[in-house]
Amino acid sequence: MPHLSPYRRLFRLPGARAFTAGNLIARLPMGMFSISAVVMIAGTRGSYALAGAVTATGLAATALVAPWIARLVDRHGQARIALPATVIAVLGSLSLLLCVRHDAPDWTLFASYAATATTPNTGGMARARWAHLLGGDPKALHTANSFEQAADELCFMLGPVLAAFLCGTFFPEAGTLVGAVLLLTGMVLFTTRRATEPPVGARIPGKAPLRAPGIPPLLAVCLAMGGIFGATEVVTLAFADAQGRQSAAGAILALQAAGSCVAGLLYGAVKPGGPAEARLSRCVAAMAALLTLPLLAAALTGSLLLLAATLLVAGMATAPTMVTTMTLVQQRTPEGRLNEGMTLAVTGLLGGIACGSAIGGWTVEHLSPTAGFAVPVTAAAMALTLSLRPVSNRFTECPAPH
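327 is the number of the first residue of the sequence shown in our numbering; add one for each residue after it.
As structure tokens, this is what we get:
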């Protein structure tokens, strides 16, 4: 199939299949841990409020710790930092499991889950390897970034389903236990593939990514896009629950991720047109336009089936937008600090998800689930406005992809 040929060329590179396999195994638990923790804590302690507070604490800790871990990875190498950091995170997950199972005080749950914040940015490390392997080939790097975004969507689509199955079929702690085993196994496989690991110097050249020209505006766009994701998840859950079909919400959200996954693979098979800055604005504009479809479906029909179809279509704008965003992050991040730059973008997304969840929840509670679908549309409009801001000429001085 002609549209798959760019991916075939990508995985003919020596070592590409091996590090990708390990990375995907390590990345799958990213979609499992949150829902596993909620099911485990709520099922044993009888409190969704406690479960939500614990996971929110973990999210906040990740936002603080992740850039620091990424900086260490760039400075000392993936194998030297990522594997020990993963061990700490796995111990945090196991501690949470034991504290829940043995009815330890609530504060131990917060402390244990906060320890999982040392989990390295697995997707960022994979993208850094592709940037190292592909050098100055922007077309191949575009394909690699598209594949990684599709992999993200696939993991966040399958992860919650696997977690719910394990927790419901076996015991409440099963999702957390299996996720911890997968994370450690995948990271061992990934970090032992040293031939494809980006080299590190004695010191980090260049300024911190947060102070690099062009990065702060991108982080603002990531913050707004995170608001889209966080609000959509909460509002969809509330909309399904209002119709007595809360169990269907997971499948509906999985369709949105599936749409993004397919679009990401297709996007990576075509040659990108024009500069990335212009592509980002077009992608965000498409996202804003398509997100009006779920709002209209909820407001005019109230049909869960139609809502699922519109979220599938709306999700198709997600991967191209994220691929283009990560391309710009790679272009604007100072040399030698690529993993830190991409982790900052993820941190922006996490912050936006937290804000979007809170605003979406408030809207649902004080207005209605239908009105809640206006929140992701508003967040998309904000992202579009931010992406259209004029870019100073000094931004063009940033290093090319490396």
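Yeah, the Cβ is synthetic: ideal placement off N, Cα and C, and Gly gets one too.
Going along the chain, which residues of its own chain have a beta-carbon closer than 8 Å to the beta-carbon of residue 483, five neighbours each way excluded? 357, 580, 583, 584 and 587
Selection from 352, 433 and 468 that minimises the alpha carbon distance to residue 645: 468
Comparing C-alpha positions only, which one of 680, 611, 598 and 497 sits nearest to residue 332? 598
Expressed to the nearest angstrom, what Euclidean distance is found between the alpha-carbon atoms of residue 709 and residue 551? The alpha-carbon atoms of residue 709 and residue 551 are separated by roughly 6 Å.
My understanding is that residue 606 touches residue 651, with C-beta atoms under 8 Å, so please give their C-beta distance in whole angstroms. At roughly 6 Å, the Cβ-Cβ gap stays under 8 Å, so residue 606 and residue 651 are in contact.
Going by CA-CA distance only, name the one from 540, 349 and 439 that's closest to residue 715. 540
Does the beta-carbon distance from residue 624 to residue 696 come in below 8 Å? Cβ atoms of residue 624 and residue 696: closer than 8 Å.
Can you grab the Cα-Cα spacing for the pair residue 591 / residue 678, in whole Å? 25 Å
Taking 8 Å as the cut-off, decide whether the C-beta atoms of residue 507 and residue 439 are in contact. The answer is no: Cβ separation not under 8 Å.
Taking 8 Å as the threshold (C-beta atoms), are residue 558 and residue 578 in contact? No, they are not a contact pair.
Neighbourhood of residue 359 by C-beta distance below 6 Å, restricted to the same chain and skipping five residues each side: For residue 359, where only same-chain residues beyond five positions count, the Cβ hits under 6 Å are 505.
Alpha-carbon spacing of residue 636 relative to residue 560, whole angstroms: 16 Å
Here's a check: name, in chain order, each residue in its chain whose Cβ is nearer than 6 Å to the Cβ of residue 397, leaving out the five neighbours to either side. 666
Is DSSP giving residue 528 helix, strand or coil here? Unreliable positioning characterises residue 528 in this predicted model, as indicated by a pLDDT of 48, which lies under 50. A coordinate reading is not provided.
Hey, residue 444 and residue 367 are a contact pair by Cβ (cut 8 Å); roughly how many whole angstroms apart? About 20 Å; that fails the 8 Å criterion.
Chain-order list of residues whose beta-carbon lies under 6 Å from that of residue 480 (same chain, five-residue window excluded): Result list for residue 480: 587, in chain order.
Looking at residue 346: is its Cβ nearer than 8 Å to the Cβ of residue 452? Using a Cβ distance threshold of 8 Å, residue 346 and residue 452 count as a contacting pair.
Report the rounded CA-to-CA distance for residue 621 versus residue 674, giving the unit in angstroms. 25 Å
Taking C-alpha atoms, which residue in 413, 426 and 414 lies nearest to residue 373? 426
Determine, using beta carbons only, whether residue 613 and residue 643 come nearer to each other than 8 Å. yes
Burial state of residue 638 (16 or more Cβ within 10 Å): Under this definition residue 638 is a buried residue.
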